[in-house]
Amino acid sequence: MKFVSIKHNMEHLLRQYLTLTDYIDVHAADANIRSNIPFRGPNVYILFVAIVIASVGLNVNSIPVIIGAMLISPLMSPIIGFGLGLGINDTDLLLKSLKNLGIMFVISLLASTLYFMATPLETDNPTELLARTNPSVYDVFIAFFGGIAGILELSRKGKGTVLSGVAIATALMPPLCTVGYGIANLNWNYAGGALYLFFINCVFIALATFLVVKYLNFPAASKNNSLRRVISYGLLILVVLVPSFFSAYSIVRENRFSNAARHFVKENKTIGGTYIYDYTTDMNTKPYTLTLRLAGESLTTEARAQLYANAENHGIAHNQIRFQEDATIEVRRLNETEIVRDWLASTEEQLRQRDDSIRTLRAQLDTYEAQVLPSAQIAEELRAQWPSIREVTLARADAEVILLIASSLTPEEHKRIENWLSVRLQVPKIRVVELHQ
Numbered sequence: 237m238k239f240v241s242i243k244h245n246m247e248h249l250l251r252q253y254l255t256l257t258d259y260i261d262v263h264a265a266d267a268n269i270r271s272n273i274p275f276r277g278p279n280v281y282i283l284f285v286a287i288v289i290a291s292v293g294l295n296v297n298s299i300p301v302i303i304g305a306m307l308i309s310p311l312m313s314p315i316i317g318f319g320l321g322l323g324i325n326d327t328d329l330l331l332k333s334l335k336n337l338g339i340m341f342v343i344s345l346l347a348s349t350l351y352f353m354a355t356p357l358e359t360d361n362p363t364e365l366l367a368r369t370n371p372s373v374y375d376v377f378i379a380f381f382g383g384i385a386g387i388l389e390l391s392r393k394g395k396g397t398v399l400s401g402v403a404i405a406t407a408l409m410p411p412l413c414t415v416g417y418g419i420a421n422l423n424w425n426y427a428g429g430a431l432y433l434f435f436i437n438c439v440f441i442a443l444a445t446f447l448v449v450k451y452l453n454f455p456a457a458s459k460n461n462s463l464r465r466v467i468s469y470g471l472l473i474l475v476v477l478v479p480s481f482f483s484a485y486s487i488v489r490e491n492r493f494s495n496a497a498r499h500f501v502k503e504n505k506t507i508g509g510t511y512i513y514d515y516t517t518d519m520n521t522k523p524y525t526l527t528l529r530l531a532g533e534s535l536t537t538e539a540r541a542q543l544y545a546n547a548e549n550h551g552i553a554h555n556q557i558r559f560q561e562d563a564t565i566e567v568r569r570l571n572e573t574e575i576v577r578d579w580l581a582s583t584e585e586q587l588r589q590r591d592d593s594i595r596t597l598r599a600q601l602d603t604y605e606a607q608v609l610p611s612a613q614i615a616e617e618l619r620a621q622w623p624s625i626r627e628v629t630l631a632r633a634d635a636e637v638i639l640l641i642a643s644s645l646t647p648e649e650h651k652r653i654e655n656w657l658s659v660r661l662q663v664p665k666i667r668v669v670e671l672h673q
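With the sequence shown counted from 1, adding 236 to any position gets you the numbering used here.
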């Protein structure tokens, strides 16, 4: 009895948390989805602007700009409408959704292609563009589960913000922008890969919508279920799905090789007198290759054999390893160049500081010399003109020069001496003081 009670409580708890009946309004959801499918008026301009914004974000590798563009995009409505039409067997809704999705597709390609043809910005490292050119089964999972979240959000009574997250996660716009980039630059690998990602998103968002609509028992538009239509859609899913598994397999292989290379290099940094100072992996070759850049002593035959054996333990074969043994020469030349550059820079700085010191000292000397008065020379010149002058003393006080003389001179002679000494010393103010003994 105790086991039965526990089982009953668990079932009650699961129904309480997992039931959808009390939170879903299928009629309101049906009407809401249908009302958002028509693509005309403001939606046309909104989509065009959103595509241009997303293209700018991809062009400058700005994730926030791309996210902002995805939030204002109306692309998801016809895809969910297609899944709803398939789920409730509504042919008119299916055709209407496909028509509007086609119009959106054409406008999006036009906007993105025109932008990338007109933009002057060169994309040297288009990581955000590249991220949309190699879809895999992981993108299938994102689209499928994002589609489930989207249709559940549209079906529940209290609407939240889930659709914004779904729009960002499934990323319908960036692939279309990347297709436009590929067309504008005649890069068909980019265009093809991004177009495939867009189809993955469309197909599996619609599939998720179809399954949820069936699970929630949306009212059917027609009782005549079209088995042929469902089979055709199933074949389309299979066609879209198969290449994604091959792509995912390649991604997993590349990831494993990168991890194996990283661990191998970390464990074999030094082999004897040789040091692995850097390494690179190349996934464009078959098989993948690992290039080791070596410094120090030349790699001996024994050390090379040891590296091969250690690489085998990490799943890296002999023919996948490349050695770059001239690294020591390259590093030495680089160091010599840096040493010479640093020495020249240091010498130039020392010379500059020396010149500054010389200029400062010269200015101080000039100032000092300008302040020193030639007392002995002035005394001789004065006695030559006025023999009665016995003693002569020159002194500087602020902005004037004071001449102290021991003599008896007339006021006119004092004035003549002041004028003469002003011209002689290039000093505007001279004061003659006579000392009487």
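All C-beta atoms in this analysis are idealised placements derived from N, C-alpha and C, irrespective of residue type, glycine included.
- The C-alpha of Arg-392 lies about 17 Å from the C-alpha of Phe-381.
- Residue range 557-560 is occupied by the beta strand (DSSP E) that includes Ile-557.
- By the Cβ neighbour-count rule, Asp-592 is exposed, with fewer than 16 other Cβ atoms within 10 Å of its own.
- Beta-bridge partners assigned by DSSP to Ile-260: Arg-392.
- For Gly-293, the uninterrupted alpha helix (DSSP H) segment begins and ends at 278-295.
- If you look at Thr-414, you'll find it in the alpha helix (DSSP H) that goes 409-420.
- Listed in chain order, the non-local C-beta contacts of Met-353 below 7 Å within the same chain comprise Ala-420, local neighbours out to five positions each way being set aside.
- It is roughly 7 Å from the alpha-carbon of Tyr-351 to the alpha-carbon of Val-288.
- DSSP places Gly-429 inside the alpha helix (DSSP H), whose first and last residues are 424-451.
- By the neighbour-count definition (other C-beta atoms within 10 Å, threshold 16), Thr-536 is an exposed residue.
- In this structure Asn-495 is exposed. Its beta-carbon is surrounded by fewer than 16 other beta-carbon atoms within 10 angstroms.
- Closest by C-alpha distance to Val-439, out of Val-476, Tyr-544, Asn-655, Ala-427, is Val-476.
- Leaving aside the five residues that flank Val-373 on each side, the residues in its chain whose CB is nearer than 8 Å to its CB run, in chain order, Leu-477, Ser-480, Phe-481, Ser-483, Ala-484.
- For Thr-349, no beta strand (DSSP E) segment is defined; the enclosing uninterrupted segment is the alpha helix (DSSP H) at 327-354.
- Going by beta carbons, Gly-416 and Leu-357 fall outside the 8 Å limit.
- Between Asn-325 and Ala-456 the beta-carbon gap is near 5 Å, inside 8 Å, which marks them as a contact.
- Going by C-alpha positions, Glu-616 is about 30 Å away from Arg-598.
- By a beta-carbon distance limit of 8 Å, Met-340 does not contact Met-409. Their separation comes to about 10 Å.
- The beta carbons of Ile-436 and Gly-319 sit about 14 Å from each other, so the pair does not count as a contact at 8 Å.
- Note: Gly-532 is bridge-paired with Thr-510 in the DSSP secondary-structure output.
- DSSP places Ile-666 in the strand class (E or B) of the three-state scheme.
- For Leu-307, the enclosing alpha helix (DSSP H) has its first and last residue at 299-307.
- In this structure the segment 296-303 does not lie against the segment 423-437, because fewer than three pairs of beta carbons, one per stretch, are closer than 8 Å.
- If you look at Ile-316, you'll find it in the alpha helix (DSSP H) that goes 312-324.
- The alpha carbon of Asn-453 has as its nearest neighbour, out of Gly-304, Ala-265, Tyr-469, Asp-328, the alpha carbon of Ala-265.
- The beta carbon of Tyr-432 sits closer than 6 Å to those of Pro-371, all from its chain and outside the five residues before and after it, given in chain order.
- Ranked by how close their Cα comes to the Cα of Glu-538, the residues Gly-509, Thr-445, Thr-349, Gln-560 have Gly-509 in first place.
- Here Tyr-524 carries a coil assignment [DSSP, helix/strand/coil].
- Here Thr-516 has Thr-527 as same chain residues with Cβ atoms under 7 Å from its own Cβ, once five neighbours each way along the sequence are excluded.
- Inter-residue distance for Gln-613 and Arg-619 is about 10 Å (C-alpha atoms, whole angstroms).
- Cβ atoms of Leu-329 and Arg-276 stay farther apart than 8 Å, at about 17 Å.
- Excluding five sequence positions before and after Glu-654, the CB atoms of its chain that fall closer than 6 Å to its own CB belong to Ile-666, Val-668, given in chain order.
- Its Cα nearest to that of Leu-447, the residue Ile-384 stands out among Ile-315, Ile-384, Phe-284, Ala-430.
- Considering only Met-519, Pro-411, Thr-349, the residue with the shortest C-alpha distance to Leu-311 is Pro-411.
- By alpha-carbon distance to Thr-445, the top candidate from Ser-458, Leu-474, Leu-390 is Leu-390.
- Here Thr-516 is bridged, per DSSP, to Thr-527.
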